[in-house]
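To keep things clear, I will list the structure first and then write my remarks on it.
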DNA sequence: GATAACTATTAGTAGTATAAATACAGGAAG
DNA sequence: CTTCCTGTATTTATACTACTAATAGTTATC
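Residue numbers (my numbering), protein chains in the order written: chain P, 410 to 645; chain V, 410 to 645.
Laid out in structure tokens, this is it:
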């Protein structure tokens with residue numbers, strides 16, 4: 410469900426493969442990676458294709474190339490942690506408890522503030538987009554449809570802030586919600602709680618009530634956090 | 410001051426040049442860019458160098474290449490707005506008022522929350538790093554030294570949250586502070602206000618008082634916002 | 001109107017030359 | 001004998017050229 414990633418171009422495959430290996434820890438930081446010629450041969454691609462991939466990975470902060478020394482994997486602190494690919498790789502390899510906790514913390518920081526900003530500045534069109542997403546949640550008959558609509562709701566809200574820097578953080582929210590969908594126990598009672606919460610936020614944005622929107626979103630995130638907690642403890 | 414960007418490799422120069430042109434709007438969205446061969450010739454580089462640069466720009470969401478159709482500039486909403494390069498390009502070309510406003514809003518959302526998180530979780534080493542930065546601010550004798558120390562303070566605080574997703578947002582804070590240094594009237598009285606504010610935040614983190622840290626940081630950002638406002642109105 | 005051929009453009013490969021950074025050897029000075 | 005410098009040799013990424021393959025839009029043909 411979380412992988413509509415099309416590996417069309419060859420160098421994209423190389424990027425994905427190397428990126429995954431690095432983020433998962435298979436390729437340890439410090440030093441590593443055989444030299445271009447060898448690595449290209451080993452992956453069955455030309456050196457140019459490999460180099461194009463390496464330039465991208467280098468832009469994401471995962472690797473660093475220098476003459477004579479070769480190419481080495483950089484430490485995690487240098488990675489572009491907010492990059493959508495990096496998030497996806499982390500998520501695919503280690504949806505560990507501490508990482509989920511960090512994602513939830515990001516939601517707690519970003520989303521209530523975004524809801525408040527949206528309540529202040531949303532245009533009628535943006536409001537309509539939120540409403541459309543909400544209606545889709547209401548009409549959803551299966552888990553997947555609900556997940557899609559939920560994501561659309563949160564994205565529409567971020568767009569309604571009219572601050573594209575905030576909007577770009579959707580990659581984080583998306584990843585957080587994605588792991589939530591996997592980790593939380595989702596059933597009818599869940600939806601019965603979540604749906605009115607989303608409605609309250611929408612209403613607050615529509616009525617230009619920033620603080621109401623903030624509190625509503627805060628509650629929503631807090632609930633989903635405790636939902637994950639319950640699931641984690643139940644799993645033991 | 411803000412440009413220690415080394416343009417060592419050739420393809421990096423191409424990335425910078427094209428990136429700047431796109432973000433500044435010289436190259437309009439929708440469609441554009443001559444075909445590879447022409448563009449390479451026009452920039453006096455080989456096609457391979459150009460292609461490596463295009464792959465990186467494509468990863469940043471600035472352009473999109475398709476066979477036969479050619480390469481087109483994507484709309485701003487698809488850009489990786491949180492990417493350090495993109496921020497730098499935006500900042501270099503258009504430090505327009507609305508962009509500054511968005512940067513300040515990001516600070517207001519991120520930094521108080523980060524201060525609170527740091528107060529909860531900072532290790533002794535991380536606390537020492539914050540203290541070191543603060544001491545450097547206190548000892549600074551010129552504007553540049555102060556700016557460097559100030560940046561170090563905010564970075565150390567973000568690191569002390571022990572949430573690398575938050576830490577990665579330093580690129581935004583850095584850009585915001587950079588424009589602040591340029592746009593605000595900086596004089597002795599500024600520092601006399603800012604220094605104790607930083608100390609309060611540091612103390613709150615040291616004493617593990619999240620709410621005190623949050624409020625202190627909130628005040629700090631609010632003050633710098635009004636500082637910019639004053640400057641902007643004074644400039645008219 | 002559907003299908004096939006044509007064509008322009010990016011995607012990908014191969015080979016070669018250049019430049020930079022390191023490591024090592026050799027020597028000079030303490 | 002040790003330490004520090006210096007020059008050179010080597011390894012590796014960097015960069016270019018020329019070529020082939022795939023793809024998608026256009027045109028022509030039936």
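All residues carry an ideal CB built from backbone N, CA and C; glycine is no exception.
Chain order gives the chain P residues near residue 519(V) as 518, where near means a beta carbon separation below 8 Å. Under the 8 Å criterion on CB atoms, residue 628(V) is classed as non-interfacial with respect to chain P. Among the bridge pairs identified by DSSP, residue 479(P) is matched with 475(P). In this structure, residue 574(P) sits away from residue 422(V), with a CB-CB distance that is not shorter than 8 Å.
When C-beta distances to chain V are compared with 9 Å, the residues of the segment 551-582 of chain P below that value are 568, 570, 571, 572, 573, 574, 575, 576, 577, 578, 580 and 581, in chain order.
Linking residue 528(V) to residue 445(P) through their CA atoms gives a straight-line distance of about 45 Å. Assigned with DSSP and collapsed to three states, residue 505(V) falls in coil, not helix or strand. With a contact defined as Cβ atoms closer than 8 Å, residue 539(V) and residue 611(V) qualify at about 6 Å.
Bounds of any alpha helix (DSSP H) do not take in residue 488(V), whose DSSP letter is neither H nor E. When only Cα atoms are considered, residue 439(V) and residue 432(V) end up about 13 Å apart.
Per DSSP, residue 584(V) is one residue of the alpha helix (DSSP H) stretching across 579-592. Between the C-alpha atoms of residue 603(V) and residue 525(V) there is a straight-line separation of about 19 Å. Within the same chain, 420 come within 7 Å of residue 461(P) by CB-CB distance, once the 5 residues on both sides are set aside. A Cβ-Cβ distance of about 7 Å is found for the pair residue 459(V) and residue 452(V), placing them in contact under the 8 Å criterion.
Annotated as distal: residue 558(V) and residue 535(V), with beta-carbon spacing of 8 Å or more. Bounds of any alpha helix (DSSP H) do not take in residue 617(P), whose DSSP letter is neither H nor E.
With respect to the C-alpha of residue 562(P), the residue from 520(P), 467(P) and 463(P) having the closest C-alpha is 520(P).
Note on residue 516(P): 16 or more other CB atoms within 10 angstroms of its CB, so buried under the neighbour-count rule. Here residue 529(P) carries a helix assignment [DSSP, helix/strand/coil]. Within its own chain, the residues whose Cβ lies closer than 8 Å to the Cβ of residue 495(P), once the five positions on either side in sequence are excluded, are 428, 432, 469, 471, 488 and 489, listed in chain order. Against residue 491(V), the close residues of chain P are 489, 491, 492, 574, 577, 578 and 580, in the order they occur along the chain (beta-carbon pairs closer than 9 Å).
Between residue 424(V) and residue 482(V), the gap from beta carbon to beta carbon reaches 8 Å or more.
Around the Cβ of residue 625(V), a 10 Å sphere holds 16 or more other Cβ atoms; the residue is buried. Here residue 570(V) is near residue 523(V), since their CB atoms are less than 8 Å apart.
In the three-state reduction of the DSSP assignment, residue 605(P) falls in the helix class, which pools H, G and I. A straight line joining the alpha-carbon of residue 621(V) with that of residue 531(V) spans about 15 Å. In the displayed model, residue 595(P) falls within coil according to three-state DSSP, outside both helix and strand. With respect to residue 581(P), residue 512(P) sits close: the two C-beta atoms are nearer than 8 Å. The C-beta of residue 514(P) comes closer than 8 Å to at least one C-beta of chain V. When the beta-carbon positions are compared, residue 560(V) and residue 578(V) stay at least 8 Å from each other. In this structure, the beta-carbon distance from residue 509(P) to residue 592(P) falls below 8 Å. A direct Cα-Cα distance of roughly 15 Å separates residue 594(V) from residue 585(V). In this structure residue 434(P) does not touch residue 500(P) by the C-beta definition: roughly 14 Å separates them, more than the 8 Å allowed. Comparing alpha carbon positions, the residue from 474(V), 418(V), 430(V) and 576(V) closest to residue 502(V) is 430(V). Rounded to whole angstroms, the Cβ separation of residue 514(P) and residue 572(V) is 6 Å, and the two are in contact under 8 Å.
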